[in-house]
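To start, the structure under review is shown below, and the notes come after it.
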(Lines of atoms letter the chains of each structure in order from A and count residues from 1; the text may use other names and numbers.)
(Lines give C-alpha, C1' and ligand atoms only; values in the text may rest on other atoms or scores of the structure.)
Protein backbone atom coordinates (compact mmCIF):
# COMPACT_ATOMS: atom_id res chain seq x y z
CA UNK A 1 0.00 0.00 0.00
CA UNK A 2 1.29 3.48 -0.86
CA UNK A 3 1.95 5.84 1.99
CA UNK A 4 0.95 9.50 2.08
CA UNK A 5 3.38 12.33 2.72
CA UNK A 6 1.68 12.89 6.06
CA UNK A 7 2.57 9.37 7.18
CA UNK A 8 6.17 9.76 6.00
CA UNK A 9 6.41 13.13 7.73
CA UNK A 10 5.10 11.58 10.95
CA UNK A 11 7.97 9.07 10.84
CA UNK A 12 10.54 11.81 10.27
CA UNK A 13 9.19 14.36 12.75
CA UNK A 14 11.09 12.96 15.79
CA UNK A 15 14.31 13.34 13.74
CA UNK A 16 14.25 17.05 13.12
CA UNK A 17 17.77 17.11 11.68
CA UNK A 18 16.58 14.93 8.79
CA UNK A 19 13.81 17.39 7.92
CA UNK A 20 16.31 20.25 8.05
CA UNK A 21 19.23 18.61 6.22
CA UNK A 22 17.60 16.47 3.50
CA UNK A 23 15.96 17.72 0.33
CA UNK A 24 12.68 16.21 -0.85
CA UNK A 25 14.27 14.65 -3.98
CA UNK A 26 16.95 13.01 -1.81
CA UNK A 27 14.31 11.64 0.54
CA UNK A 28 12.22 10.26 -2.35
CA UNK A 29 15.29 8.64 -3.88
CA UNK A 30 16.27 7.14 -0.53
CA UNK A 31 12.81 5.61 -0.06
CA UNK A 32 12.65 4.22 -3.59
CA UNK A 33 16.17 2.79 -3.56
CA UNK A 34 15.84 1.06 -0.22
CA UNK A 35 12.44 -0.29 -1.31
CA UNK A 36 14.08 -1.67 -4.44
CA UNK A 37 16.81 -3.24 -2.28
CA UNK A 38 14.46 -5.06 0.10
CA UNK A 39 15.43 -8.52 -1.10
CA UNK A 40 19.14 -7.62 -1.03
CA UNK A 41 18.76 -6.27 2.50
CA UNK A 42 16.89 -9.38 3.62
CA UNK A 43 19.49 -11.66 2.06
CA UNK A 44 22.15 -10.27 4.42
CA UNK A 45 20.15 -11.06 7.56
CA UNK A 46 20.15 -14.19 9.71
CA UNK A 47 17.97 -17.03 8.40
CA UNK A 48 15.97 -16.67 11.62
CA UNK A 49 15.00 -13.09 10.76
CA UNK A 50 11.26 -12.89 9.87
CA UNK A 51 10.96 -11.79 6.21
CA UNK A 52 7.93 -9.61 6.99
CA UNK A 53 9.88 -7.57 9.58
CA UNK A 54 12.16 -4.69 8.60
CA UNK A 55 15.77 -5.36 9.65
CA UNK A 56 17.20 -3.03 12.25
CA UNK A 57 20.30 -2.15 10.22
CA UNK A 58 21.23 -1.81 6.55
CA UNK A 59 24.11 -3.83 5.08
CA UNK A 60 27.29 -1.78 4.86
CA UNK A 61 27.48 -2.02 1.05
CA UNK A 62 24.04 -0.43 0.70
CA UNK A 63 24.88 2.29 3.23
CA UNK A 64 27.95 3.19 1.15
CA UNK A 65 25.95 3.11 -2.08
CA UNK A 66 23.34 5.51 -0.67
CA UNK A 67 26.00 7.80 0.78
CA UNK A 68 27.71 8.23 -2.58
CA UNK A 69 24.56 8.34 -4.70
CA UNK A 70 22.70 10.87 -2.55
CA UNK A 71 25.64 12.76 -1.06
CA UNK A 72 24.54 11.92 2.50
CA UNK A 73 26.57 11.16 5.58
CA UNK A 74 26.59 7.71 7.13
CA UNK A 75 24.63 9.12 10.06
CA UNK A 76 21.91 10.48 7.77
CA UNK A 77 21.57 7.16 5.95
CA UNK A 78 21.30 5.18 9.17
CA UNK A 79 18.90 7.68 10.75
CA UNK A 80 16.71 7.70 7.63
CA UNK A 81 16.52 3.92 7.71
CA UNK A 82 15.73 3.87 11.43
CA UNK A 83 12.89 6.36 10.89
CA UNK A 84 11.41 4.96 7.67
CA UNK A 85 12.25 1.25 7.62
CA UNK A 86 8.79 0.09 8.68
CA UNK A 87 7.07 2.27 6.06
CA UNK A 88 9.47 1.09 3.35
CA UNK A 89 9.13 -2.58 4.30
CA UNK A 90 5.32 -2.61 4.14
CA UNK A 91 4.98 -2.28 0.39
CA UNK A 92 5.30 0.03 -2.58
CA UNK A 93 5.93 3.43 -1.05
CA UNK A 94 6.53 5.46 -4.18
CA UNK A 95 7.03 4.33 -7.75
CA UNK A 96 9.94 4.88 -10.10
CA UNK A 97 13.59 5.46 -9.35
CA UNK A 98 13.98 8.50 -11.58
CA UNK A 99 15.14 9.12 -15.12
CA UNK A 100 18.85 8.86 -14.25
CA UNK A 101 18.52 5.69 -12.19
CA UNK A 102 20.21 3.41 -14.74
CA UNK A 103 23.31 5.61 -15.03
CA UNK A 104 23.40 5.99 -11.23
CA UNK A 105 23.37 2.24 -10.70
CA UNK A 106 26.02 1.66 -13.35
CA UNK A 107 28.21 4.38 -11.81
CA UNK A 108 27.97 3.37 -8.15
CA UNK A 109 26.67 -0.18 -8.19
CA UNK A 110 29.93 -1.72 -9.36
CA UNK A 111 31.75 -0.23 -6.37
CA UNK A 112 29.40 -1.65 -3.77
CA UNK A 113 28.34 -5.04 -5.03
CA UNK A 114 26.98 -7.83 -2.86
CA UNK A 115 28.85 -11.14 -3.06
CA UNK A 116 31.18 -9.66 -5.72
CA UNK A 117 28.26 -8.71 -7.97
CA UNK A 118 27.28 -5.06 -8.54
CA UNK A 119 24.17 -3.54 -7.07
CA UNK A 120 21.93 -3.57 -10.14
CA UNK A 121 18.87 -1.55 -11.06
CA UNK A 122 17.32 -4.91 -12.01
CA UNK A 123 17.91 -7.87 -9.71
CA UNK A 124 15.79 -10.93 -10.40
CA UNK A 125 14.88 -12.83 -7.25
CA UNK A 126 12.41 -15.69 -6.91
CA UNK A 127 9.00 -14.18 -6.05
CA UNK A 128 8.90 -15.91 -2.67
CA UNK A 129 11.41 -15.92 0.21
CA UNK A 130 10.11 -19.14 1.83
CA UNK A 131 9.71 -22.70 0.55
CA UNK A 132 6.42 -23.56 -1.17
CA UNK A 133 7.29 -27.04 -2.47
CA UNK A 134 4.50 -29.49 -1.61
CA UNK A 135 7.00 -32.29 -0.91
CA UNK A 136 8.94 -30.25 1.63
CA UNK A 137 8.69 -31.41 5.24
CA UNK A 138 9.03 -27.82 6.40
CA UNK A 139 6.97 -25.68 4.05
CA UNK A 140 7.50 -22.02 4.86
CA UNK A 141 11.18 -22.40 5.73
CA UNK A 142 13.30 -19.37 4.79
CA UNK A 143 15.21 -19.82 1.53
CA UNK A 144 19.00 -19.59 1.77
CA UNK A 145 22.12 -20.45 -0.24
CA UNK A 146 21.94 -17.46 -2.58
CA UNK A 147 23.81 -17.80 -5.86
CA UNK A 148 24.17 -14.73 -8.07
CA UNK A 149 25.17 -14.40 -11.68
CA UNK A 150 25.25 -11.55 -14.15
CA UNK A 151 22.58 -11.50 -16.84
CA UNK A 152 21.39 -9.27 -19.66
CA UNK A 153 17.93 -7.72 -19.66
CA UNK A 154 16.48 -6.79 -23.07
CA UNK A 155 14.00 -3.92 -22.71
CA UNK A 156 11.72 -2.02 -25.04
CA UNK A 157 12.71 1.47 -23.87
CA UNK A 158 16.37 1.19 -22.79
CA UNK A 159 17.74 -1.56 -25.00
CA UNK A 160 19.91 -4.19 -23.34
CA UNK A 161 21.01 -3.41 -19.77
CA UNK A 162 23.10 -5.37 -17.24
CA UNK A 163 21.22 -7.09 -14.43
CA UNK A 164 21.68 -9.76 -11.78
CA UNK A 165 19.78 -13.01 -11.23
CA UNK A 166 19.61 -14.69 -7.83
CA UNK A 167 18.93 -18.37 -7.18
CA UNK A 168 17.80 -19.51 -3.71
CA UNK A 169 17.25 -22.95 -2.24
CA UNK A 170 15.47 -24.67 0.61
CA UNK A 171 17.93 -26.31 3.00
CA UNK A 172 15.34 -28.95 3.96
CA UNK A 173 14.13 -30.32 0.61
CA UNK A 174 16.84 -28.83 -1.66
CA UNK A 175 14.29 -27.27 -3.97
CA UNK A 176 15.99 -24.51 -6.00
CA UNK A 177 14.10 -21.31 -6.69
CA UNK A 178 14.57 -19.08 -9.72
CA UNK A 179 12.87 -15.94 -11.03
CA UNK A 180 10.24 -17.67 -13.23
CA UNK A 181 10.19 -21.19 -11.78
CA UNK A 182 11.43 -23.58 -9.12
CA UNK A 183 12.87 -27.09 -9.43
CA UNK A 184 11.56 -29.69 -6.97
CA UNK A 185 12.40 -33.40 -7.09
CA UNK A 186 13.68 -33.05 -10.64
CA UNK A 187 10.55 -31.26 -11.92
CA UNK A 188 10.49 -27.66 -13.10
CA UNK A 189 7.39 -25.82 -11.86
CA UNK A 190 6.52 -22.38 -13.26
CA UNK A 191 4.79 -19.81 -11.09
CA UNK A 192 1.21 -18.86 -11.91
CA UNK A 193 0.54 -15.99 -14.29
CA UNK A 194 2.66 -14.29 -16.95
CA UNK A 195 5.31 -11.95 -15.50
CA UNK A 196 6.32 -8.66 -17.07
CA UNK A 197 9.80 -10.10 -17.68
CA UNK A 198 10.60 -13.62 -18.92
CA UNK A 199 13.80 -15.58 -18.43
CA UNK A 200 14.52 -17.04 -21.88
CA UNK A 201 17.93 -18.56 -21.10
CA UNK A 202 20.37 -18.82 -18.22
CA UNK A 203 21.75 -15.35 -18.86
CA UNK A 204 19.03 -13.53 -20.79
CA UNK A 205 15.80 -11.91 -19.64
CA UNK A 206 13.31 -10.16 -21.93
CA UNK A 207 10.43 -7.78 -21.25
CA UNK A 208 7.13 -9.22 -22.46
CA UNK A 209 6.41 -5.83 -24.08
CA UNK A 210 9.45 -6.38 -26.29
CA UNK A 211 8.37 -9.93 -27.10
CA UNK A 212 4.93 -8.61 -28.09
CA UNK A 213 6.59 -6.10 -30.40
CA UNK A 214 8.68 -8.86 -32.02
CA UNK A 215 5.54 -10.96 -32.56
CA UNK A 216 3.62 -8.03 -34.05
CA UNK A 217 6.53 -7.10 -36.30
CA UNK A 218 6.85 -10.66 -37.61
CA UNK A 219 3.09 -10.84 -38.29
CA UNK A 220 3.09 -7.51 -40.14
CA UNK A 221 6.19 -8.31 -42.17
CA UNK A 222 4.82 -11.77 -43.02
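Residue numbers (our numbering): 619 to 840.
Glycine included, C-beta positions come from ideal geometry on N, C-alpha and C.
Remember, predicted model here, so these are calculated numbers, not experimental data.
Here's a check: name, in chain order, each residue in its chain whose Cβ is nearer than 8 Å to the Cβ of residue 697, leaving out the five neighbours to either side. Taking the chain shown and counting its residues from 1, the one referred to as residue 697 is at position 79. The residues are 633, 635, 636.
Given residue 654 as reference, the closest of 680, 750, 749, 817 once Cα atoms are compared: The count along the chain shown starts at 1 and reaches residue 654 at position 36. Ranking 680, 750, 749, 817 by Cα distance to residue 654 puts 680 first.
Return the first residue and the last residue of the alpha helix (DSSP H) that residue 826 is part of. Here residue 826 refers to the residue found at position 208 of the chain shown. Residues 826-839.
Counting pairs of beta carbons, one from the region 655-669 and one from the region 685-697, are three or more of them closer than 8 Å? no
Suppose contacts are defined by Cβ-Cβ distances below 8 Å. Is residue 749 in contact with residue 805 by that definition? Counting from one through the chain shown, the residue named residue 749 turns up at place 131. Counting from one through the chain shown, the residue named residue 805 turns up at place 187. Their beta carbons are not under 8 Å apart, which means residue 749 does not touch residue 805 by this criterion.
Quick check on residue 744: buried or exposed, where buried means 16 or more other Cβ atoms within 10 Å of its Cβ? Residue numbering aside, residue 744 sits at position 126 when the chain shown is read from its first letter. When all chains shown are included, residue 744 counts as buried.
Could you give the residue range of the beta strand (DSSP E) that holds residue 815? Within the chain shown, residue 815 is the residue found at index 197, counting from 1. Its beta strand (DSSP E) spans residues 815-819.
How far does the beta strand (DSSP E) with residue 770 in it reach, from first residue to last? On the chain shown, position 152 is the one that residue 770 refers to. Segment 762-772, the beta strand (DSSP E) holding residue 770.
Member of 624, 776, 803, 835 whose CA lies at the smallest distance from the CA of residue 824: Numbered from 1 along the chain shown, position 206 holds the residue referred to as residue 824. Measuring from the Cα of residue 824, the nearest candidate turns out to be 776.
Does DSSP classify residue 780 as helix, strand or coil? Counting from one through the chain shown, the residue named residue 780 turns up at place 162. If DSSP states are grouped into helix, strand and coil, residue 780 belongs with the strands.
Evaluate residue 838 with the Cβ neighbour count: other Cβ atoms within 10 Å of its Cβ, from every protein chain shown; 16 or more gives buried, anything less gives exposed. The count along the chain shown starts at 1 and reaches residue 838 at position 220. Under this definition residue 838 is an exposed residue.
Nearest-angstrom beta carbon gap, residue 786 and residue 763 [assumed within contact, 8 Å]: Locating residue 763 in the chain shown gives position 145, where the first residue counts as 1. Locating residue 786 in the chain shown gives position 168, where the first residue counts as 1. Confirmed, about 6 Å.
Which residue comes first and which comes last in the alpha helix (DSSP H) that contains residue 705? For this step, residue 705 is matched to residue 87 along the chain shown. It spans 692-707 - the alpha helix (DSSP H) in which residue 705 sits, taken as one unbroken run.
Please work out which residues of its chain come closer than 7 Å, Cβ to Cβ, to residue 803, disregarding the five sequence neighbours upstream and downstream, and give them in chain order. The residue given as residue 803 occupies position 185 in the chain shown. Here the set comprises 753.
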